[in-house]
Amino acid sequence: MFDYSMVHWMTFLSAAVLLNISPGPDMAFILGQTLRSGRRCGVAAMLGIWSGASLHVVMAAVGLSAILATSALAFSVVKWVGATYLIWLGIKMLRSQGASFLSNNEGDSLRMQSVYWQGVLVSALNPKVAVFFLAFLPQFVVDGAGPAGAQLLLHGSLIIVVAAFIEPPLVVAGSKLGAFLKKNKRVGLWIDRSLGALFIALGARLAASTK
């Protein structure tokens, strides 16, 4: 079971690294929360994104992602909910006037919980992630290496493991950059407005997307 060649692992891990470093709502959310609220909120955002991604992995393993891939209605519903949520986050950032960025509180427990659940929703409400996993993971299912569902779950989980090596250093770097930028009030306001505009743009792009 799970008997794969070295070429298989090299191909898969290379693809997993490229997947994790590609820009998108998940990465924008993690870095945005790190810049605005510090390292602990960045970690909370990262864990939330991983939790949402884990949901997509489980859905792909049990075949639920196929519903999003084949049902136009299901895809549209999740897409519009996700797009609305991203735009709502963007509007909140635009209206914050840099207050959260300039706060010296790196993140109390309630703030971190809020950021965590926001991260879960940002990832879970992106139907293109579910469709991507459904299209990507089966390419690494090997006959005779175990049940297809177990192989999908293994490879999907390993994508998140790879993220655990890539994203924490970005959080650390983002927290240091954020601490440096907090010395300038105008920079804080600019960061919040820029991140708000980015999330609105990401939401609009998701709303305009098709399968």
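Under the working numbering, the letters of the sequence shown match residues 68 to 278, in that order.
We put the beta carbon where it would ideally sit given N, CA and C, even for glycine.
All of these numbers come straight from a predicted model, not from anything done at the bench.
#### Entry: L69 in three-state terms, based on DSSP
Rather than Leu, the amino acid found at residue 69 in this sequence is Phe. Residue state, collapsed to three classes: coil.
### Query
Using the beta-carbon count (16 or more within 10 Å), is F207 buried or exposed?
Its Cβ being crowded by 16 or more others within 10 Å, F207 is buried.
### Query
Would you call L221 buried or exposed, if buried means 16 or more other Cβ atoms sit within 10 Å of its Cβ?
By the 10 Å Cβ count, L221 comes out buried.
### Query
If we call anything under 8 Å between Cβ atoms a contact, is G149 one with N87?
Result no, Cβ atoms of G149 and N87 do not sit closer than 8 Å.
### Message
For the structure I just gave you, are there three or more beta carbon pairs, one from the segment 116 to 133 and one from the segment 194 to 201, closer than 8 Å?
### Response
With the cut-off at 8 Å, the segment 116 to 133 and the segment 194 to 201 touch.
### Query
When DSSP labels each residue in this structure, what does N87 get in the three-state scheme?
Assigned with DSSP and collapsed to three states, N87 falls in helix.
### Query
Could you give the distance in angstroms between the alpha-carbon of M126 and the alpha-carbon of V187?
Approximately 15 Å, taken between the alpha carbons.
### Task
Keeping to the same chain, check which residues put their C-beta closer than 6 Å to that of A120; ignore five residues upstream and five downstream.
Once the five neighbours on either side are set aside, the close Cβ partners of A120 are S190, I227.
### Task
May I ask you to report which of helix, strand or coil DSSP gives T277?
Coil at T277, not helix or strand.
### Query
Which residues in the same chain have their Cβ closer than 7 Å to the Cβ of M179, if we skip the five residues on either side of it in sequence?
Hits under 7 Å: R107, C108, A111.
#### Entry: Cβ separation of S242 and T101, assumed to be a contact under 8 Å, to the nearest whole Å
The C-beta distance from S242 to T101 rounds to 5 Å, short enough to meet the 8 Å contact threshold.
### Query
Between the segment 262 to 272 and the segment 150 to 159, do at least 3 Cβ pairs fall closer than 8 Å?
Cβ pair count under 8 Å is three or more, so yes.
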